[in-house]
Structures are given as structure tokens and as C-alpha cells.
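Reading through the C-alpha cells given below for one structure.
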Amino acid sequence: MSQAPQFPHIVQDNMKAYLDALGDDAALFVAPHHATRSNDTEYTYRQSSDILYLCGWMDPEMVLLLRPKSEKPVVMFVQPKDPKREIWTGIRPGVEGAKQDFGADEAYPISDLAKQLPHLLMGFERLHYQFAENPTMDKLLMNSIQKANRSGRKNGLSGPDVFVHPAKVLHRLRQIKSSAEIEVMRKAVAITKKAHEEAMAMTAPGVFEYQLEAKISYVFRSHGGTGAGYASIVGGGNNAVILHYVTNDQPLRDGDVVCVDAGCELGSYTGDITRAWPVNGKFTPAQREIYEAVLAANEAAIQVCRPGIRYREIHEASVQSLTESMVRLGLLEGDVDEIIANEGYKKFFMHGTGHWLGMDVHDVGSYVDGTDAIVLEPGMILTVEPGIYIDVADESVPEQYRGIGIRLEDDILITADGYENLSADIAKSVEDVERLVGSHLS
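Each residue of the sequence shown is one higher than the one before, starting from 2 at the first, in this note's numbering.
In C-alpha cells:
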């Protein structure tokens with residue numbers, strides 16, 4: 002059920018910037034289908050982030066057409082008002098709501114798409130559109146262009162014959178956050194802080210992973226968030242070695258570490274934070290050694306962040322620190338530089354050090370510029386998340402380290418003169434973490 006955008010000034014500014022950037026081109030965006038969960042029930046609907054970014058419309062069966070050089074540049078095709086359906090699925094804004102609350106200059110029922118699209122596309126040579134996501138829409142678009150070409154012969158007009166992926170313009174805009182977007186993400190991370198620290202405070206042997214997940218979800222929603230920006234990861238013991246473990250159904254055991262990766266979504270923007278802590282409130286010496294190795298890599302990588310560096314330099318700082326620690330702890334043997342050159346560290350650190358963050362947890366935006374990594378600019382937000390993962394069955398490492406999985410992740414805003422760690426005040430030092438764990442039970 003669409004309501005007016007939660008942060009209307011943001012989508013208005015986003016739309017204006019994109020229309021300006023399109024120039025003489027047109028752009029077409031299609032809402033994804035509502036996915037079936039089982040039988041006749043559906044998953045909670047999540048709109049395309051591109052559409053949310055531009056207008057905030059949240060419902061399915063919607064197409065957004067943008068034509069900057071026309072008298073009516075923003076055209077929406079939407080679900081019409083339908084009192085009988087609205088009894089079941091909620092109030093629809095309809096055609097009038099699209100114009101009144103979502104910035105449409107013109108709006109039609111979605112059933113009129115095939116009829117209206119040919120003449121609306123006429124006169125535009127280039128269309129920004131993502132093929133192969135919706136075959137039905139691909140076919141409808143090609144038919145519409147054919148009709149536009151046929152009907153335009155009399156006046157010398159035609160439909161688009163050059164197609165551009167949205168990443169060329171829109172995703173570049175999404176990669177650089179405005180001050181208003183940054184403020185929403187600060188709030189999302191602030192709620193995420195409350196959730197992680199509440200989960201730490203209720204942790205004790207015998208508590209189930211799903212109980213921590215439930216607490217996290219409760220805090221997200223009770224503080225105004227939409228919910229989790231992605232499936233929360235709560236892995237105790239060896240489950241933390243599974244990078245995207247989301248089963249979350251096991252009891253937490255005395256002597257284990259639990260790794261929690263969870264972020265609150267607010268106004269379609271999400272935080273993404275990972276912390277790890279001892280189930281009984283006290284790291285063993287071996288757990289502390291691994292934890293401090295990851296913490297050192299996290300801090301080393303964050304310190305590199307600033308405008309003008311290449312994105313890869315963050316990962317390189319993380320890998321350097323982690324590999325040195327792995328050799329020092331006896332997880333790996335050999336020369337550090339050779340291990341890095343041969344990627345031997347990937348046995349225990351097999352993923353990248355981070356990713357872009359915004360409306361999607363793995364947000365849009367290129368990582369490469371030509372033949373090298375992209376240069377960081379103010380307004381970019383990225384994660385820094387090194388980790389060490391040692392399977393309990395790995396007999397190649399000292400026994401005390403087996404079954405330990407630790408990742409530490411922060412959300413970093415690139416500023417004009419350096420960086421701002423949006424999650425800097427979420428407990429991360431050994432002392433802060435140990436002080437919080439189980440504190441609600443004492």
C-alpha cells in the first residue's frame with residue numbers, strides 16, 4: 002500500500018537531479034512482480050530501489066516513464082483505484098494519487114501501458130532501460146517502439162534505437178549521497194546500534210540465535226524502522242564461519258562466540274553492521290587474539306578511507322593487516338608478501354573488505370573505472386568488514402582457534418577531507434563488548 006514518500010524532499014531532489022542528468026534521453030523503469038511465498042500467499046512486497054529513489058512509489062504493477070524535454074516529463078502507469086481489491090490489500094493511491102503525492106505530471110492506469118507507450122516514446126533516440134529483467138515488459142517495449150516507428154513516418158519521428166543501462170547515469174547518482182540521504186542513513190545506523198547492543202545485553206548460554214534475531218527485529222520496528230534491510234545473520238560457534246548463515250535456529254553455547262550481521266532499514270535506506278561477542282561475556286585468550294586481529298584490520302582499513310584513493314586500497318590495507326596477524330598466530334606460515342601475492346589468506350578471509358551501501362545493502366555503483374578501481378569521492382558510503390573464519394574441523398590450525406568466526410563491519414561515509422564512521426559508537430572494543438554482554442541479566 003503506497004503512501005506519500007516518508008522523506009518527500011529526498012525523492013523530489015533525486016528526481017530533479019536525474020531529469021537534469023538525462024538531458025535529451027528518456028528512461029523507463031518497471032516495478033518487479035510480487036513474488037509468491039507459497040500457494041496463494043506472497044512475500045512482503047519490496048519495490049525496485051530505482052523507483053523508490055526517484056518517486057517513492059511502493060506498490061507493484063507500476064511503470065515510470067521519464068521524458069525530461071517534454072511538457073509532462075514524469076509519467077506513471079499505476080494500479081487504478083479499486084474499492085473491492087482495496088478491502089483485501091489496502092488503499093491504492095491510484096492515478097490521482099500518483100499526480101498529487103508522487104510527482105507525476107501525467108498518470109494512467111497500468112492497463113493503458115501498451116496503448117499509451119508508443120506515442121510517449123516517439124521522438125526520443127536514446128532510452129535508459131534495463132533489459133532481461135522482465136521479458137514481458139521487454140516484448141511490450143519492442144512492440145511499442147515498432148508502433149512508434151510506423152506511426153511516426155508521416156512526421157519524421159521514431160522511437161528509441163539506442164538503449165542505455167541505468168547504471169550509466171542513475172546508479173552513478175545513487176552512488177553519491179546527498180546530505181539529506183546521509184542524515185537518513187545516520188538515523189538507520191543509530192537504530193542499528195540500539196539493536197546490536199540490546200542483543201549483546203540479552204546474550205547468555207542457552208539463548209537461541211532466533212531470540213537475538215527477534216530482539217533485533219523488535220528494536221528496528223519499535224524505533225520507526227521499516228525492519229531489517231536484509232536477512233539478519235546470527236551465527237553462534239561454528240555457524241559464524243558460514244558467511245551468510247540465516248537459519249538462526251541453534252542455542253548459543255557457553256564458550257562460543259556469536260557473530261551478528263544486521264542492519265535497520267529506514268525510509269528505504271539501510272545500515273549494515275556486524276559485531277561479534279562471547280556468549281558468556283568473556284573472550285577466551287584464543288578468541289581475543291582472533292578478535293583483536295580482525296579489529297586491527299578493521300581499523301587499518303578505515304584509516305585508509307578518504308577522497309582520492311582507489312577503492313582497492315581499503316581491501317589491500319585489510320589484507321595486509323590480517324595476513325600479518327595470521328602468520329603471527331600460526332594460522333599461516335611463510336612470508337607475508339608471498340602469501341598475499343598467492344592469495345593464501347583467502348583460506349580464512351575469502352570475501353572482499355566491503356561494498357557500497359545505500360538503498361540496497363549491496364548498493365549500486367561501479368567498483369572499477371577503466372582498468373583500475375574507482376576513486377573514492379565525498380558522499381560515497383561503503384562498508385569495511387574484514388573477518389577471520391576458522392572451521393571447527395580444520396586440523397591445520399592450532400586447536401584453540403578452531404570454530405571461531407569473527408567479522409567486524411562499520412559503515413563509512415567519505416567526506417571532503419577524510420571519512421566519518423557512521424557506526425563509530427557501536428560497541429566494538431573488547432572491553433566495551435564484554436561489559437555489555439549479558440548486562441540485562443545481571
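All residues carry an ideal CB built from backbone N, CA and C; glycine is no exception.
Taking the Cα positions, D14 is about 8 Å away from L55.
Taken atom to atom, the span from the alpha-carbon of A168 to that of L23 is near 12 Å. Bridge pairing for Y420: I415 [DSSP].
Less than 9 Å divides the Cβ of C260 from the Cβ of V235.
The C-alpha of G91 is placed about 45 Å away from the C-alpha of D370. Bounds of any beta strand (DSSP E) do not take in L332, whose DSSP letter is neither H nor E. G153 sits in a helix when the DSSP states are folded into three classes. With contacts defined as CB atoms closer than 9 Å, S145 and A99 fail to qualify as a contacting pair. In this chain, the beta strand (DSSP E) harbouring E107 covers 107–110. One Cα belongs to V385, the other to R86, and the distance between them is close to 45 Å. The stretch 245–260 makes contact with the stretch 206–216: 3 or more CB pairs, one atom from each, lie closer than 8 Å. Bounds of the alpha helix (DSSP H) holding Y219 are 210–223. Here I217 really is in contact with A263; their C-beta atoms are around 5 Å apart, less than 8 Å. P69 and D21 have their alpha carbons spaced roughly 7 Å apart. Residue ranges of uninterrupted alpha helix (DSSP H) with 4 or more members, entirely inside the stretch 84–146 and ordered along the chain, are 84–90, 95–102, 114–122. Straight-line measurement puts the Cα of M16 at about 37 Å from the Cα of E300. DSSP places S319 within a helical segment (H, G or I) once states are collapsed to three. Our two residues, Y130 and Q117, have alpha carbons roughly 17 Å apart in a direct line. Here the stretch 178–187 does not lie against the stretch 145–161, with fewer than 3 beta-carbon pairs under 8 Å apart. Per DSSP, the unbroken beta strand (DSSP E) holding P279 starts and ends at 274–279.
Residue pairing by DSSP places C260 opposite G236, A277 in a beta bridge.
The shortest C-alpha to C-alpha distance from L442 to any of F132, D60, T204 is the one to T204.
Contact check for G380 and I177: beta-carbon distance about 4 Å, within the 8 Å limit, so the pair qualifies. Separation of P308 and Y368 (C-alpha to C-alpha, rounded to the nearest whole angstrom) is 14 Å. Distance from the Cα of H245 is smallest, within the candidate group Y219, T285, T372, I407, for I407.
Less than 9 Å separates the beta-carbon of F30 from that of I52. Between the beta-carbon of R175 and that of G359 there is about 6 Å, and that keeps the pair under the 8 Å contact cut. A direct Cα-to-Cα measurement between Y19 and A200 gives close to 40 Å.
Annotated as distal: T37 and Y46, with beta-carbon spacing of 9 Å or more. Less than 9 Å divides the Cβ of E107 from the Cβ of K73.
Between the stretch 391–405 and the stretch 281–301 there are three or more C-beta pairs closer than 8 Å, enough to call the two in contact.
Assigned with DSSP and collapsed to three states, M186 falls in helix. Between E198 and A428, the beta carbon gap of about 6 Å places them in contact (Cβ cut-off 8 Å). With fewer than 16 other beta carbons inside 10 angstroms of its own, S430 counts as exposed.
If you look at L267, you'll find it in the beta strand (DSSP E) that goes 265–267. Taking 8 Å as the upper bound for CB-CB distance, R222 and G228 are in contact here, some 6 Å apart.
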